[in-house]
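Asks:
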Amino acid sequence: MPQLFKSSANSFARSSIVVAVLVLGGLGGALFELIADSSYATRQGDAREQPIPFSHAHHVGSMGIECRYCHTGVENGPHAMVPPTKTCINCHSQIWINSSTLEPVRESYRTNESIKWTKVHDLPDFVYFNHSIHVKKGVGCETCHGRVDRMPLMYQNASLEMRWCLECHRNPEKFVRPRQFVTKMGYEPAEPQETLGPKLVREYNIQKLETCWTCHR
Amino acid sequence: MQPVELPDKIHVGPVIDQGHSLASVSDKVAGIVLKRKVTLGWVFGLLLSFAILQNLMAGATWLIIKGVGVWGINIPVGWGFAIINFVWWIGIGHAGTLISAILLLLNQSWRNAINRFAEAMTLFAVMCAGMFPVLHTGRPWLAYWLLPYPNTMALWPQFRSPLLWDVFAVTTYLTISAVFWYVGLIPDLATLRDTAKTPGLRRTYGLLAMGWRNSARHWQRYEKASLLLAGLATPLVVSVHTVVSFDFAVSIIPGWHTTIFPPYFVAGAIYSGFAMVLTLMIPVRRFYGLDDIITLRHLNNMAKVTLATALIVAYGYTMEAFFGYFSADTYEKFMIWNRMTGPYAVFYWCLILCNIITPQFLWSKKIRTSPGILWIISIIVNIGMWLERFVIVVTSLHRDFLPSSWGMYWPTVWDWAVYTGTLGMFMTLIFLFVRVLPMITIFELRMLLPDATVKEPVAQ
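As you go down the protein sequences, you meet chains A and B in turn. Residues in the first sequence are numbered from 1 upward in steps of one, following my numbering. Residues in the second sequence are numbered from 1 upward in steps of one, following my numbering.
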């Protein structure tokens, strides 16, 4: 009976095991990194085009306008709310009244049609989220949205992955701050967070809400 | 292994007929794959099975488009055909593992002629079984959520749920069965490689044989490996269906919450498995003229195992009824009464007829050794075991604790499509298997022959 395979077939057979493990393992890891866990998938840090290049860096950072001046719903409702055009016009009926960049704002005011902002922080529809309870329990705007005062165009600061939500829901004492500093940008705790955090958790009666139905109702 | 000499009082013949030699056994079994022409019957069977398999295709497609609402499941009966068929298929697989692992460890040489076929049956049955829970999730593309893996949700599966234990039990079962089956195939694949005439076939079987050269070292390692795998597979015969029974027993539904479930399920699994082996083996030995290798003795032995497990299952049914009565619990009592006299009573009594009464015929040796009757009995047992799962799943669920939430369950055409589709898939795989792989373990058969015994020189 003639030889069916060359002797090199043995080496091929052996190395195929290693190659299969490496290729399959590598492929799995790469898929996970690329598809599930990358900023490409989550759009983290991706500055979005807006109908008007509204700059938080300017309004918050340089002008020092407080978050709640525009986002009026944040303390009492589920949505922080994008302000109506009227809020813009409060100031922009006085300043920059001839700016061509702001023409869409004036147009919206004239026609009574809302500006079509692009939603940056878009949670899936199966997630229940309420801003007011987070603000009440001393979660800073900055904790989730990052240094908004340094963002010329708005982007998503966090991944918004469920893992990221749970980081805080499992260990709220690591992130909580006194209520009066909720809207402060660049907040530094006055005493170490290790002692302040647990104190605030007790004071504000913060629960570790980890059940599925906390967010998936 | 010694060739088996049978005491005279057993008149059912030897494990392998007289007149076979080492060469004739190889020729006969390998010839089915290599020399036998493709017959019209085989083509017809394969095409028919493949056509039925399309039911699965249609059923699964429609299910994925529309969701599990196309099935007959509802509240209160959230578990319908999907669970019934899953348990049924998994149970069928158990005979293969029992034959290949436990009978190997017990040195039952009659297993040699049927173990390859039974193992293949196990593998295919587990594949069919696996379809159901995955489809039942409603979103099969997310079925990987059942596995514990690092994810962006920072979540683990619910380890306290028996449904998750099922995932581990079944995947372990599939893996071990596949490895055991393949390891056992290697020496025979080498035989096929050496007998094949065309270079293409030789290379194909050669690749699959992984360089097997029949050296003493190969055989020594082979024996060790198959013994170890048999050791690994043995607990699976008991554990897999135990875990499946936990899906029911761990809950607090009347009729499910009983301690007898694990042993009763395992016995039922082996019962249905042996019935399925008989259902498949009897036609195969006839069409391929294997009466001299799969002898009446095999049928007799398998029928005996079937009868023994039937009696255990009968004990299980009796105890279920007794528990219901003895529990003094309103719901348990009502459940068993409703099962016997309620809207699904017909199914219950059919199940008793199929599973308890029919196998009593197997007390007669005459029936145990007449293939035709045995075949019919085996089919009835298969139907009975399917009915058992139907009765367990549906009668316990459809009468909820509150009469206001009572309901009825009837399968829809899509339930039937998926179920018959898996039957088609199973038969397709069996047809392909008998054609391209040796369905009987050649080298183990050869060990049964008188020529295989070498007289050792007497040490001086």
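Using N, Cα and C, we set each Cβ at its ideal position, and we do this for glycine too.
For Arg368(B) and Ala95(B), what's the separation of their Cα atoms in angstroms?
Replies: Walking along the second sequence from the start, residue 368(B) turns up at place 368. Walking along the second sequence from the start, residue 95(B) turns up at place 95. In a straight line, the C-alpha of Arg368(B) is about 18 Å away from that of Ala95(B).
Asks: Within the same chain, show all residues whose beta-carbon is closer than 7 Å to that of Lys218(B), passing over the 5 residues directly before and after it, in chain order.
Replies: Taking the first residue of the second sequence as position 1, residue 218(B) is located at position 218. The question names Lys, but residue 218(B) is His in the sequence shown. Only Trp212 meet the Cβ criterion.
Asks: Does any residue of chain B bring its CB to less than 7 Å from the CB of Asp37(A)?
Replies: The residue you call residue 37(A) lines up with position 37 of the first sequence. Using a CB distance cut-off of 7 Å, Asp37(A) counts as an interface residue toward chain B.
Asks: Return the chain-ordered ranges of every beta strand (DSSP E) run that is complete within the segment 285-311 of chain B and spans a minimum of 3 residues.
Replies: none
Asks: Any Cβ of chain B within less than 7 Å of the Cβ of Leu4(A)?
Replies: Stepping through the first sequence from its first residue, residue 4(A) is reached at position 4. Closer than 7 Å: yes.
Asks: Count the other CB atoms, across all protein chains shown, that sit within 10 Å of the CB of Met63(A); report buried if there are 16 or more and exposed otherwise.
Replies: Reading the first sequence from its first residue, position 63 is the one you call residue 63(A). With fewer than 16 Cβ atoms within 10 Å of its Cβ, Met63(A) is classed as exposed.
Asks: Using C-beta distances below 6 Å, list every residue in its chain close to Ser272(B), excluding the 5 sequence neighbours before and after it, in chain order.
Replies: Within the second sequence, residue 272(B) is the residue found at index 272, counting from 1. Hits under 6 Å: Gly91, Ile92, Met385.
Asks: Along the chain, where does the alpha helix (DSSP H) that runs through Ala51(B) open and close?
Replies: Mapped onto the second sequence, residue 51(B) falls at position 51. Boundaries of the alpha helix (DSSP H) around Ala51(B): 40-66.
Asks: Give the straight-line distance between the Cα atoms of Leu378(B) and Pro371(B), rounded to the nearest whole angstrom.
Replies: Numbered from 1 along the second sequence, position 378 holds the residue referred to as residue 378(B). Numbered from 1 along the second sequence, position 371 holds the residue referred to as residue 371(B). With the sequence shown as reference, residue 378(B) is identified as Ser, and Leu is not the correct amino acid for it. In a straight line, the C-alpha of Ser378(B) is about 10 Å away from that of Pro371(B).
Asks: Please classify Ser177(B): is it buried, with 16 or more other beta-carbons within 10 angstroms of its beta-carbon, or exposed?
Replies: By 1-based counting over the second sequence, the position of residue 177(B) is 177. Flag for Ser177(B) reads buried.
Asks: For Phe390(B), tell me which candidate among Trp406(B), Trp79(B), Val179(B) has the shortest Cα-Cα distance.
Replies: Working through the second sequence from its first residue, we reach residue 390(B) at position 390. For the residues Trp406(B), Trp79(B), Val179(B), the minimum Cα distance to Phe390(B) belongs to Trp79(B).
Asks: Out of curiosity, what's the CA-to-CA distance linking Ile10(B) and Tyr205(B)?
Replies: As a first step, residue 10(B) must be located in the second sequence, where it is residue number 10. As a first step, residue 205(B) must be located in the second sequence, where it is residue number 205. For Ile10(B), the predicted structure reports a pLDDT of 47, less than 50, and the residue's modelled location is therefore unreliable. A value from the coordinates is still provided. Whole-angstrom Cα-Cα distance: 40 Å.
Asks: What are the partner residues of Gln180(A), as DSSP defines its beta bridges?
Replies: Counted from its first residue, the first sequence places residue 180(A) at position 180. Answer is none; Gln180(A) lacks a bridge partner.
Asks: Would you be able to state if there are at least three C-beta pairs under 8 Å between the segment 104-112 of chain A and the segment 149-164 of chain A?
Replies: no
Asks: Flag Gly206(B) as yes if its beta-carbon sits less than 7 Å from any beta-carbon of chain A, otherwise no.
Replies: Residue mapping note: residue 206(B) aligns to position 206 of the second sequence, counting from 1. Chain A, which has a Cβ nearer than 7 Å to the Cβ of Gly206(B), makes this yes.
Asks: When burial is assigned at 16 or more other CB atoms within 10 Å of the CB, is Glu119(B) buried or exposed?
Replies: Along the second sequence, one-based indexing puts residue 119(B) at 119. Flag for Glu119(B) reads buried.
Asks: Taking Cys144(A) as the reference, give the member of Val23(A), Asn171(A), Phe175(A) with the closest Cα.
Replies: One-based indexing of the first sequence puts residue 144(A) at position 144. For the residues Val23(A), Asn171(A), Phe175(A), the minimum Cα distance to Cys144(A) belongs to Phe175(A).
Asks: Just the Cα atoms here: how many angstroms apart are Glu456(B) and Arg286(B)?
Replies: Along the second sequence, one-based indexing puts residue 456(B) at 456. Along the second sequence, one-based indexing puts residue 286(B) at 286. In this structure, the CA atom of Glu456(B) is about 39 Å from the CA atom of Arg286(B).
Asks: Is there contact between the segment 22-38 of chain B and the segment 194-208 of chain B, where contact requires at least three CB pairs shorter than 8 Å?
Replies: yes
Asks: Would a check of beta-carbon distances place Arg217(A) closer than 7 Å to chain B?
Replies: What you label residue 217(A) is simply residue 217 of the first sequence in a count that begins at 1. It does not; no Cβ of chain B falls within 7 Å.
Asks: According to DSSP, simplified to helix, strand and coil, what is Gln3(A)?
Replies: Taking the first residue of the first sequence as position 1, residue 3(A) is located at position 3. Coil, per DSSP.
Asks: Does the separation of the CB atoms of Trp62(B) and Trp414(B) fall below 7 Å?
Replies: Counting from 1 along the second sequence, the entry for residue 62(B) is found at position 62. Counting from 1 along the second sequence, the entry for residue 414(B) is found at position 414. Yes, Cβ-Cβ distance for Trp62(B) and Trp414(B) is below 7 Å.
Asks: Between the segment 132-161 of chain A and chain B, which residues of the former have a C-beta closer than 9 Å to a C-beta of the latter?
Replies: Ser159, Glu161
Asks: If you drop the 5 nearest sequence neighbours on each side, which residues of the same chain put their C-beta closer than 7 Å to that of Trp164(A)?
Replies: Residue numbering aside, residue 164(A) sits at position 164 when the first sequence is read from its first letter. Ala158, listed in sequence order.
Asks: Within 7 Å (strictly less), CB to CB, does Leu166(A) reach chain B?
Replies: Numbered from its first residue, the first sequence carries residue 166(A) at position 166. It does: the Cβ of Leu166(A) has a partner Cβ on chain B nearer than 7 Å.
Asks: For a contact meaning CB atoms closer than 9 Å, what does Arg163(A) contact in chain B?
Replies: For this step, residue 163(A) is matched to residue 163 along the first sequence. Think of a sphere of 9 Å around the beta carbon of Arg163(A): the chain B residues whose beta carbon falls inside it are Asn151, Thr152, Met153, Ala154, Leu155, in chain order.
Asks: Anything in chain B within Cβ reach of Asn10(A), meaning under 8 Å, just list it in chain order.
Replies: If you number the first sequence from 1, residue 10(A) lands on position 10. Within chain B, the residues near Asn10(A) are Gly211.
Asks: Between which two residues does the alpha helix (DSSP H) carrying Val87(B) extend?
Replies: The residue given as residue 87(B) occupies position 87 in the second sequence. Element bounds for Val87(B): 81-97.
Asks: Within this structure, are the beta carbons of Ser514(B) and Phe274(B) separated by less than 7 Å?
Replies: With chain B covering only 1 through 460, there is no way to say anything about residue 514(B).
Asks: Got a sec: is the Cβ-Cβ distance from Arg286(B) to anything in chain C below 7 Å?
Replies: Looking at the structure shown, chain C is missing, and the protein chains on hand are A and B.
Asks: How is the alpha helix (DSSP H) around Val413(B) delimited, first residue to last?
Replies: Along the second sequence, one-based indexing puts residue 413(B) at 413. Where Val413(B) is concerned, the enclosing alpha helix (DSSP H) stretches over 413-436.
Asks: Please compile the residues from chain B whose C-beta is within a distance smaller than 8 Å of the C-beta of Ala13(A).
Replies: The count along the first sequence starts at 1 and reaches residue 13(A) at position 13. Within chain B, the residues near Ala13(A) are Met210, Gly211.
Asks: For Gln44(A), write down the residues that DSSP places opposite it in a beta bridge.
Replies: By one-based count along the first sequence, residue 44(A) stands at place 44. Answer by DSSP bridge pairing, in chain order: Gln156(A).
Asks: On the premise that Thr258(B) lies in contact with Phe323(B), defined as a C-beta separation below 8 Å, what is that separation, rounded to the nearest angstrom?
Replies: By 1-based counting over the second sequence, the position of residue 323(B) is 323. By 1-based counting over the second sequence, the position of residue 258(B) is 258. Right, the Cβ-Cβ distance comes to about 6 Å (below 8 Å), so this counts as a contact.
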